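This report refers to the structure that appears directly beneath it.
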Amino acid sequence: MIAFIFPGQGSQKVGMGAELAAASAAAREVFEEVNDALGQDLFAIMREGPEETLTLTENAQPAIMAHSLAIARVLEGEFGVKLSEKGEAVAGHSLGEYSALAAVGAFSLTDTARLLKLRGQAMQAAVPVGVGGMCALLGADLEKATALAEAAAQGEVCEVANDNDPGQVVLSGHKSAIDRAVELAKEYGCKRAVPLPVSAPFHCSLMQPAADAMAEALAKTPPQPMLLPVYSNFTAGLTSDPSVEQDLLVKQVTGRVRWRESVAAMGDAGMSHFVELGGKVVGPMVRKILPDSTQTSVVTMDDIEALAKEI
């Protein structure tokens, strides 16, 4: 059984999609549609940079989605591979949940691009630059990370933002609390703590203004029925109800990304082949969570052709 999975922020890089667009009219149409939806030449930024412009949250989020959806469109349009016929479910890491939903018809490409542009802007605006921070804890599980976050908070926000795999958990909150967490990490049994080069503290309670903005946006552009169910970041469970998913997308902004639990749940449901569309980020996490599963990363036209033959 196959699950299609979608990467989140951090998977962007200058040049993304360029080879695909050169090889495929279907891919070019996706990038043009996203440009039109946003009223900006996002694809030029994806293709040529500069990197600091692509990395801006409001650009990175729709860019990563556009790249994933271009691959899905090429698979379907040029190779006849429909995700809804080949897969059992979809899931995405953070913003990747929007890519997953777009890939199974819950949102149009245009609406997804606009929602992610707004989501990026709202997350950036929620906390002044320099006030928030994030760090990755390596060689740490959820229990150790939670204890460390509680010790480092000292009246400020310091929360688990991402439970990525059995050995990597990310904390988010006030920068001073995150700095304390980095200093205390080894005392709490973590192998290493690495401050992350992010512009805002994602997936913690400081993001509440962004959650409010997304609640308003999603009320105007609610999800539609899905061709495949999605595993929610917020619950790590399966949903196919658009109204439930609408609420979960709002909660996801401040809530923990329960990726490890989501993948484990997919494994329990019998999924053993995970196909990552648009990156090489979440597949390696899956390998650590489900060592007996297989992972396929699909980024280039060659990757697409190989996958079409395989499935």
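Going by the working numbering, the sequence shown opens with residue 36, and the numbers climb by one from there. Cβ coordinates follow ideal geometry from the N, Cα and C atoms, glycine included. The structure displayed is predicted, hence computed values, not measured ones.
With DSSP collapsed to three states, give me the class of L172. strand
Which stretch, first to last residue, makes up the alpha helix (DSSP H) that contains V285? P277 to T289
Compute the beta-carbon to beta-carbon distance between L283 and T274, rounded to the nearest angstrom, for a pair I have assumed lies under 8 Å. 7 Å
Buried or exposed for G165, going by 16 or more other Cβ atoms inside 10 Å? exposed
Sorry if obvious, but does the Cβ on A58 come closer than 7 Å to a heavy atom of the ligand FAD? Only the bare structure without any ligand can be found here, which leaves the ligand FAD out of the picture.
What span of residues does the alpha helix (DSSP H) with A220 cover, start to end? Looking at the DSSP string, A220 is not in any alpha helix (DSSP H), and its letter there is neither H nor E.
Of the choices E86, T90, L91 and L144, whose alpha-carbon is the least far from that of A107? L144
Between A57 and F66, which are expected to be in contact by the criterion C-beta below 8 Å, what is the C-beta distance as a whole number of angstroms? Between F66 and A57 the Cβ distance is about 11 Å, and since that is not below 8 Å, they are no contact.
Own chain partners of A187 with C-beta closer than 7 Å, once the 5 adjacent residues on each side are dropped: C193, A212, R215, A216 and L219
Which of the three DSSP states, helix, strand or coil, is assigned to G208? strand
When we look at the beta-carbon of R227 and count the other beta-carbons within 10 Å, is it buried (16 or more) or exposed? exposed
So what does DSSP say about G302, is it helix, strand or coil? helix
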